Amino acid sequence: DTGVSQDPRHKITKRGQNVTFRCDPISEHNRLYWYRQTLGQGPEFLTYFQNEAQLEKSRLLSDRFSAERPKGSFSTLEIQRTEQGDSAMYLCASSLIIALDEQFFGPGTRLTVL
Amino acid sequence: AQKVTQAQTEISVVEKEDVTLDCVYETRDTTYYLFWYKQPPSGELVFLIRRNSFDEQNEISGRYSWNFQKSTSSFNFTITASQVVDSAVYFCALSEAGTGNQFYFGTGTSLTVIP
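Shown next as structure tokens:
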């Protein structure tokens, strides 16, 4: 499968725990985006990377959230001290710089905070 | 302010009826892209169509058609002869060259096709 992959697909955690999600973009895609989708809403932008550089962060990305893309390939999104309001689907997308209008989305990681 | 507005929260139609999903967008960029995605209960976003701001030509793909009108900032999506498999949440999205091409999604329209 050469699409965007995300791991895990589902995560259940207790409030206050830390969680980390992984996104593997399509090979050679320079741009990588993270979105969050809560129930009944459309996905909302969190942050994006161009290669290993994090170029923009949404105000939705509180201090408890951190994202990395250390080698310009896969990316991780960590949430510290999870809260029930963090329960959502976390989506990753990737694209080529020369084709920024084409974003390919992964299947998402569904987080449930108890 | 919402950049993408999908005023229809939920729509129900009887199978074989035509249905139009509305999308109104707001942007100051001259270069932008508009998209429609389908999200079935499984949760994955399924790409349907992409249009750029310089191409107002309407498009038809099978039972799907799209009407892009810059004058009214609208990008509406019509399903002809709806089928039960069309039941899903449909999202309209905007991508602007001036904001890193991040996607701005509408709140979605939940379509239920009744057999």
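Respectively, the protein sequence lines represent chains F and C.
Using my numbering, read the first sequence as starting at 499 and increasing by one per residue.
Using my numbering, read the second sequence as starting at 1461 and increasing by one per residue.
Backbone N, C-alpha and C fix where the C-beta goes; we use that ideal spot for every residue, glycine too.
No experiment lies behind these values; they were computed from the predicted model shown.
Are any of the Cβ atoms in chain C nearer than 8 Å to that of residue i?
i	result
D599(F)	yes
Q552(F)	no
G606(F)	yes
Y531(F)	yes
Y588(F)	no
F603(F)	yes
F543(F)	yes
In chain F, which residues lie with their C-beta within 7 Å of the C-beta of residue i?
i	result
Y1493(C)	D599
Q1468(C)	Near Q1468(C) there are no residues of chain F at all, since even the closest Cβ is about 13 Å away, more than 7 Å.
G1560(C)	Y546, L553 and E554
Under 7 Å between beta-carbons, which chain C residues line up against residue i? List them in chain order, please.
i	result
L558(F)	Residues of chain C passing the Cβ test: none, with the nearest at roughly 12 Å.
At a CB-CB cut-off below 9 Å, which residues of chain F make contact with residue i?
i	result
G1566(C)	G540
Contact criterion: CB-CB distance below 8 Å. Does residue i meet it with respect to chain F?
i	result
Q1517(C)	no
R1523(C)	no
R1488(C)	no
F1528(C)	no
In whole angstroms, give me the CA-to-CA distance for residue i and residue j.
i	j	result
N1561(C)	V1464(C)	14 Å
I1520(C)	W1526(C)	7 Å
E1475(C)	Y1524(C)	15 Å
R608(F)	I1539(C)	29 Å
D522(F)	E566(F)	12 Å
L454(F)	D584(F)	With chain F running from 499 to 612 in the structure shown, residue 454(F) is simply not present.
Q601(F)	V1473(C)	31 Å
Q539(F)	T1491(C)	26 Å
W532(F)	R1510(C)	20 Å
L558(F)	E1516(C)	33 Å
Q1543(C)	R562(F)	44 Å
Can you pull the chain C neighbours of residue i, defined as C-beta to C-beta under 9 Å?
i	result
F519(F)	Those within 9 Å of F519(F) in chain C number zero; the least Cβ separation is about 15 Å.
Would you kindly check if the distance between the Cβ of residue j and the Cβ of residue i is under 8 Å?
i	j	result
F1537(C)	L1494(C)	no
L589(F)	G570(F)	no
L1554(C)	Y1497(C)	no
Y1550(C)	T1569(C)	yes
F1514(C)	P541(F)	no
E1556(C)	T1487(C)	yes
In chain F, which residues lie less than 8 Å from residue i when you measure between Cβ atoms?
i	result
G1503(C)	M587, P605, G606 and R608
F1537(C)	The premise fails here: F1537(C) is roughly 15 Å from chain F at the closest Cβ pair, so nothing lies under 8 Å.
S1555(C)	L598, D599 and Q601
F1563(C)	Y531, Y533, P541, F543, A591 and Q601
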